[in-house]
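The numbers in our numbering rise by one with no breaks, and the one at position 166 of the sequence shown is 166.
A virtual CB, placed ideally from N, CA and C, is assigned to each residue, including glycine.
If you're wondering where the values come from, they're calculated on a predicted model, not measured in any experiment.
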Amino acid sequence: MALAASFAAELRGVLGAEHVLAEPEQLRVYECDGLTGHRAIPELVVLPASTEEVQGVVRACAREGVPFVARGAGTGLSGGATPVAGGVVISLARMNRILEVDLDSQRVVVEPGVANLDVTRAVAPHGFFYAPDPSSQQVCTIGGNVAENSGGSHCPKHGFTVHHVTGLTLVLPDGAAVELGGKPLDPDGPDLLGLVIGSEGTLGIVTCVTVRIVRMPEVVVTLLAGFESTDAAGAAVSAMVSAGILPGAIEMMDRLTIEAAELAVSPGYPEGAGAVLLVELDGVAAQVEEDTAEVERLCLAAGAFEVRAAADDAARALLWKGRKSAFAAMGRIATDYYVQDGVVPRTRLPEVLRRIAELSAEHGLRVGNVFHAGDGNLHPLVLYDAEAGETERARELAEAILEACLDAGGSLTGEHGVGMDKACSMPRMFSERDLEVFSRVRRVFDPDGLCNPGKVVPTPRLCGEVPGPYRMHALERIGVAERL
Ligand SMILES: Cc1cc2nc3c(=O)[nH]c(=O)nc-3n(C[C@H](O)[C@H](O)[C@H](O)COP(=O)(O)OP(=O)(O)OC[C@H]3O[C@@H](n4cnc5c(N)ncnc54)[C@H](O)[C@@H]3O)c2cc1C
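Written as structure tokens, this is what we have:
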């Protein structure tokens with residue numbers, strides 16, 4: 001449905017003509033996020049520079065009944081930032097200023113388009129860092145992190161985004177702006193901050209974020225352990241957890257992922273390993289020394305054929321480069337890959353990995369495994385060749401892997417979010433009543449269903465479920481979906 005020319009003209013008046021994109025070749029840039037299987041061309045992309053400009057855009061959308069989708073860096077892997085065809089994409093890319101560094105309060109106030117790593121870069125000279133560290137941290141934005149409640153390798157010990165954000169400015173779907181929280185921890189009243197963090201852009205547009213920064217640890221030791229198999233590496237992880245050791249990070253990669261990482265960035269992982277563990281211990285020197293010795297002992301007892309510590313910062317960075325480049329490295333061994341994101345109880349990791357191997361053989365497609373072993377968050381990478389017609393088989397395999405995670409008592413997503421990709425799987429994990437509560441909460445913020453519609457909570461027509469009482473969905477209203 002083409003938006004009226006007067007609508008675009010109004011937005012140009014609010015933002016300046018150069019910040020309203022409408023040419024087909026400009027719009028194509030925004031047609032998908034990191035999960036390229038979902039695509040749609042928006043009618044307009046707007047690039048506001050302030051909360052007031054975001055409000056101006058959202059008010060106009062609310063008045064005209066036009067759906068809108070916030071977008072950070074577009075690195076999301078669940079189709080969360082996929083546009084609504086005929087709707088507006090609100091890119092926060094121009095809102096990329098660090099507004100305040102308050103070392104006394106250990107807070108940094110940023111606009112939503114600031115890249116995650118830039119927060120640490122701003123405070124590192126003062127001995128602080130921003131703890132949530134998604135592997136995409138060089139580019140993904142704080143606004144996107146808030147929407148997805150992003151985590152990273154160091155989250156089992158240091159916590160997720162929700163543990164490090166103390167305040168937000170949120171533009172509601174009617175265009176009003178509200179302040180949630182601030183610099184203090186635990187503000188009075190209901191925890192609306194907790195509600196908004198992880199709501200995947202469905203409750204409004206975040207335009208300012210106050211984050212907590214933490215002191216850099218006195219000592220950091222990064223250990224690399226090579227094992228014959230993921231079973232043996234999994235046993236080492238269980239042993240560490242049972243011994244009460246809490247590393248900053250425990251990451252595992254299997255043989256295929258190691259092969260790809262070596263081809264891409266040569267991190268020097270042990271030759272012939274069926275699995276490697278990267279274990280990082282941080283804290284006060286005496287404790288780290290004691291824990292390092294214990295982790296080494298436990299790895300060797302579980303069958304590690306090599307355990308070594310990074311000798312210096314450069315060696316440590318190289319070991320991490322292998323891990324953080326693992327997704328992209330798959331391009332060295334396959335033309336296409338599909339990243340799955342599921343969680344299993346840590347104790348059931350070996351059994352689920354065996355099931356993944358069986359499913360891989362059954363579907364005739366290779367699967368590389370790289371994951372945050374510390375919190376049981378798996379990222380199976382299904383390798384396929386789209387040109388050879390393997391896309392559908394890859395999708396089926398990825399879904400079967402997710403089923404295996406759920407059967408093992410796990411969950412749908414660890415950190416990539418539900419987005420568009422997994423909305424239809426929500427009934428597998430939540431009851432009809434749960435989903436109705438989610439929808440009711442959402443309607444309180446967004447009664448007209450304009451803010452990132454079609455994401456997170458399943459849409460009856462799109463998922464083929466039994467619908468509740470009829471209410472026209474925003475996607476139907478603009479003619480891109482119909483109720484059968
Ligand atoms: C190579 C790679 C590695 C990754 N590793 C990790 C990882 O370790 N941990 C992890 O958690 N994720 C990871 N991700 C996923 C992704 O980077 C995160 O979900 C990230 O938080 C998305 O940020 P973004 O700025 O790219 O957001 P986008 O992809 O642009 O958007 C994501 C969602 O946030 C919403 N949104 C964006 N900005 C705002 C805003 N200002 N207000 C309201 N809603 C908004 C969008 O509507 C969308 O629903 C990885 C992705 C890639 C490609």
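Less than 8 Å between the CB atoms is what I'm expecting for residue i and residue j, so what's the real figure, rounded?
i, j, result
"Asn377", "Glu200", "No, Asn377 and Glu200 are not in contact; Cβ-Cβ is about 17 Å, not under 8 Å."
"Asp174", "Ala62", "5 Å"
"Thr166", "Arg212", "6 Å"
"Gly234", "Pro350", "4 Å"
"Val457", "Ala423", "7 Å"
"Pro270", "Leu318", "Wrong, their Cβ atoms sit about 14 Å apart, outside the cutoff."
"Gly198", "Asn145", "Not really, about 10 Å apart at Cβ, beyond 8 Å."
"Thr141", "Leu92", "7 Å"
"Asp282", "Gly244", "At roughly 16 Å, the Cβ-Cβ gap does not stay under 8 Å, so Asp282 and Gly244 are not in contact."
"Val265", "Lys321", "5 Å"
"Ala326", "Leu263", "Rounded, the Cβ-Cβ distance is 11 Å, inconsistent with contact."
Looking at residue i: is its Cβ nearer than 7 Å to the Cβ of residue j?
i, j, result
"Thr210", "Val109", "yes"
"Ile333", "Ile401", "no"
"Arg428", "Leu397", "no"
"Asp312", "Gly414", "no"
"Leu224", "Gly204", "no"
"Ala70", "Ile90", "yes"
"Asp421", "Ala386", "no"
"Ile250", "Gly374", "yes"
"Val46", "Val20", "yes"
"Gly152", "Ala232", "no"
"Thr207", "Thr51", "yes"
"Leu15", "Pro48", "yes"
"Val352", "Ala404", "yes"
Quick check: the Cα distance between residue i and residue j, rounded to an integer number of angstroms?
i, j, result
"Gly417", "Asp133", "16 Å"
"Arg502", "Gly143", "One cannot answer for residue 502 here, as it falls past the ends of the chain, which runs 1 to 484."
"His163", "Leu298", "30 Å"
"Phe7", "Ala361", "53 Å"
"Gly449", "Gly72", "21 Å"
"Gly226", "Ala261", "15 Å"
"Tyr470", "Val343", "Because Tyr470 carries a pLDDT of 47, less than 50, the predicted location of this residue cannot be relied on, and the following value inherits that uncertainty. Distance between the alpha carbons of Tyr470 and Val343 is about 34 Å."
"Val139", "Val114", "9 Å"
"Asn369", "Arg28", "32 Å"
"Val425", "Ala285", "The question names Val, but residue 425 is Ser in the sequence shown. Each residue's alpha carbon lies about 46 Å from the other."
"Pro345", "Glu392", "28 Å"
"Gly34", "Pro447", "29 Å"
"Val219", "Thr292", "11 Å"
"Glu390", "Leu168", "43 Å"
"Gln137", "Met252", "19 Å"
"Lys324", "Pro380", "15 Å"
"Ala309", "Thr222", "6 Å"
"Lys157", "Tyr30", "35 Å"
"Gly79", "Gly419", "5 Å"
"Thr161", "Asp186", "15 Å"
"Val241", "Glu100", "39 Å"
"Pro42", "Pro24", "9 Å"
"Ile258", "Val307", "16 Å"
"Ser431", "Val295", "41 Å"
"Asp191", "Phe445", "15 Å"
"Ala124", "Gly364", "47 Å"
"Pro467", "Pro217", "Its pLDDT being 42, under 50, Pro467 is placed unreliably by the model, and the measurement read from it follows with that caveat. C-alpha separation (whole angstroms): 52 Å."
"Leu180", "Leu412", "28 Å"
"Gly74", "Ala301", "43 Å"
"Leu117", "Ala315", "20 Å"
"Arg255", "Gly272", "8 Å"
"Arg354", "Thr347", "13 Å"
"Ala177", "Leu246", "40 Å"
"Thr120", "Phe129", "5 Å"
"Phe305", "His372", "21 Å"
"Gly127", "Gln106", "11 Å"
Say yes only if the C-beta of residue i is nearer than 6 Å to one or more non-hydrogen atoms of ligand 2, and no if none qualify.
i, result
"Gly342", "Absence of ligand 2 is noted for the structure shown, with ligand 1 being the only ligands found."
Are any of the Cβ atoms in chain B nearer than 7 Å to that of residue i?
i, result
"Leu92", "Among the chains in the structure shown there is no chain B, since it carries only a single protein chain."
Could you name each continuous beta strand (DSSP E) segment of 3 residues or more that falls completely within the stretch 239-289, going from the start of the chain to the end?
249-254, 275-283
Report the residue ranges of all beta strand (DSSP E) runs contained in full by the stretch 149-215; include only those spanning at least 3 residues, in chain order.
165-171, 177-181, 205-212
If you scan the stretch 65-126 from start to end, which runs of the alpha helix (DSSP H) of 4 or more residues do you find wholly inside it?
116-123
Please list the segments of the alpha helix (DSSP H) lying wholly inside the stretch 418-466, counting only runs of 4 or more residues, in order along the chain.
426-429, 432-445, 460-463
Which runs of the beta strand (DSSP E) at least 3 residues long sit entirely within the stretch 309-377? Give them in chain order.
336-339, 367-372
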